[in-house]
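Below you'll find the structure, written out as structure tokens, and then a few comments.
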Amino acid sequence: VDFEDVDGVARIRDMLIVETRIRDAIAHGYIVDRSGERIDIMNERGINVLGDIIESSLYSPNIQYYGALHNTAHIVLGRQADPHGKYDLPPGVLEHFETATRDPSFFRLHKYMDNIFKEHKDSLPPYTQEELTFVGVSVENLSVSGELETYFEDFEYSLLNAVDDTEQVEDVDISTYVPRLNHKEFSYNIDINNNNGGEVLATVRIFAWPQHDNNGIEYSFDEGRWHAIELDKFWTKLTPGTNHIVRKSSESSVTVPDVPSFQTLFDKTKEALGGGDSGLENYVSATGIPNRFLLPKGNEQGLDFDLVVAVTDGRADAAVDGLHENTEFNHYGSHGKYPDNRPHGYPLDRKVPDERVFEDLPNFGHIHVKVFNHGEHIHH
């Protein structure tokens, strides 16, 4: 595909140069800041600096040299319909956070960005068994209660604010229905044995990845882990002996409720002003995927997935206190602090040349599951 330069934004040639500079930094293992000093990225924190220059953010150590590949790409793609302003078109959907995912090219762009980060992650040494082992802790059993099943349901959108009116005309409720993917409730059952002499803090990390690619070829462990989705992450205290943990899908720390409509906010505010409970604390976190999107769609026969649980040392992982009492904001953090000392996706974020390292870990477990979609459509 040939892309046009966008007047006042960027030339495609310049973006290719910026990409080359970023890939060179990954290959060399360091980033050069404004003063010419080298910043080592061959460590678990290196991806943070890499993200700063790819985005780029105000934290970029050298925005003049590394540019803003990701943000600029959004604008360039969004304006390809009118790159020179000939038709004076408004900004494209890719230029707005609220609408960006409605353009299919959004996902192709982000896969392209992901591959740059993967290039960096693959350059780091694999985790050793000693680094991954949580001494004295083992996963004894893992199962799922309830079928992993998705379905479509009609969701009612209010269009009242989209229609012009006057004070002389009484408001009339106007709405439309849109089918949306959802899933039936399920829960994880995990038996964890703590052979240490006392109570320990543990981080429970739950992932899933498809067993086969789109050609039906089975993924190796290393291929599968890069396609893994994080389903949940939470901290818990393990008493000596066997600990039976039941974790509901609705409790996932990486998801959030649907964004409330304006009418919902209005009604809840009135209720709070009248002395009632607004219930708006459920919507404090705006980061994370909607809970209804926790599972992939699946199919009639059942889409094969590997469900993975890794239990790691919570004391070493925790960046803030009290995480076993509060699992909110685990996806992007709170008050400028990411609660996990480990990188996103740990322990699946680095290449795995020998899957036996994981298979032999006592604090790691995985089972085969199927995600179904029987074509059910619920109409309200």
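Quick note on this note's numbering: the sequence shown kicks off at 123 and runs consecutively. Glycine is no exception: its CB is placed at the ideal position from the N, C-alpha and C atoms.
Beta-carbon spacing of residue i, residue j below 7 Å
i      : j      : result
Gln186 : Val479 : no
Val171 : Val128 : no
Ala324 : Gly436 : yes
Ala222 : Leu231 : no
Leu270 : Val493 : yes
Val433 : Val326 : yes
Asn337 : Asn421 : no
Pro301 : Phe343 : no
Pro565 : Asp380 : For residue 565 there is no data in the structure shown, the boundaries of the chain being 123 and 502.
Separation of residue j from residue i, as counted between CA atoms
i      : j      : result
Val491 : Lys392 : 45 Å
Ser372 : Asp210 : 45 Å
Ala147 : Ile238 : 11 Å
Asn193 : Ser178 : 7 Å
His218 : His196 : 9 Å
Ala394 : Ser407 : 20 Å
Lys233 : Leu264 : 31 Å
His502 : Glu126 : 46 Å
Asp295 : Ser280 : 8 Å
Ser309 : Ser374 : 10 Å
Asn311 : Leu353 : 14 Å
His206 : Gly130 : 9 Å
Gln505 : His242 : In the structure as shown, the chain starts at 123 and stops at 502, and residue 505 therefore has no counterpart that could be examined.
Gly487 : Asn304 : 27 Å
Thr272 : Gly397 : 39 Å
Pro226 : His499 : 24 Å
Asp439 : Val291 : 59 Å
Pro247 : Glu166 : 10 Å
Pro382 : Lys390 : 10 Å
Glu477 : Gly467 : 17 Å
Phe228 : Thr364 : 45 Å
Ile169 : Lys355 : 20 Å
Arg135 : Asp124 : 12 Å
Asn317 : Lys359 : 13 Å
Gly173 : Ile163 : 11 Å
His150 : Gly158 : 15 Å
Tyr341 : Gly497 : 27 Å
Glu253 : Lys208 : 58 Å
Asp236 : Glu289 : 50 Å
Beta-carbon proximity list for residue i, same chain, < 7 Å, skipping 5 on both sides
i      : result
Arg160 : Tyr152, Val154
Ala284 : none
Lys459 : Ala441, Val442
Tyr188 : Val140, Arg143, Ile144, Ile175, Ser178, Ser182
Ala132 : Thr194, Val198
Asp293 : Leu282, Asp287
Leu402 : Lys390
Gly200 : Pro213, Gly214, Val215, Leu216, Glu217
Leu416 : His305, Leu353, Ser371, Ser374, Thr377
Asp204 : Leu211
Asn404 : Pro379
Residues bridged to residue i (per DSSP)
i      : result
Pro332 : Phe427
Val479 : Paired residue(s): none; Val479 is not in a bridge.
Asn184 : In DSSP, Asn184 forms no bridge with anything.
Pro301 : Asp276
Leu490 : A small fix is needed here, since residue 490 is His in this sequence, not Leu. Beta-bridge pairing links His490 to Asp428.
Pro248 : Answer is none; Pro248 lacks a bridge partner.
Gly363 : Asn316
Thr358 : Ala324
His501 : Bridge partners of His501: none, in fact.
Ala440 : Asp462
Thr391 : Looking at the DSSP assignment, Thr391 forms no beta bridge with any residue, so it has no partner.
Proximal residues to residue i (C-beta, below 6 Å), its chain only, five neighbours per side dropped
i      : result
His366 : Asp313
Gln385 : Ser280
Gly410 : Val376, Thr377, Val378, His453
Thr361 : Glu321
Glu262 : Asp313, Asn315
Asp244 : Lys473
Tyr299 : Asp276, Glu278
Arg464 : Asp439
Ile489 : Leu264, Leu429
Residues of its chain near residue i, where Cβ-Cβ distance is below 8 Å and the 5 sequence neighbours each way are ignored
i      : result
Thr255 : Leu483, Pro484, Asn485
Asp399 : Glu393
Asn184 : Ile153, Val154, Asp155, Arg156, Ile175
Glu307 : Gly268, Lys370, Ser371, Ser372
Pro475 : Pro248, Asp344
Met137 : Gly189, Leu191, Thr194, Ala195, Val198
Original post:
Just checking, does the segment 425–432 make contact with the segment 331–343 on the three C-beta pairs under 8 Å criterion?
Top reply: Cβ pair count under 8 Å is three or more, so yes.
Original post:
Three or more C-beta pairs closer than 8 Å, one from the segment 341–350 and one from the segment 461–476: is that the case here?
Top reply: A contact exists between the segment 341–350 and the segment 461–476.
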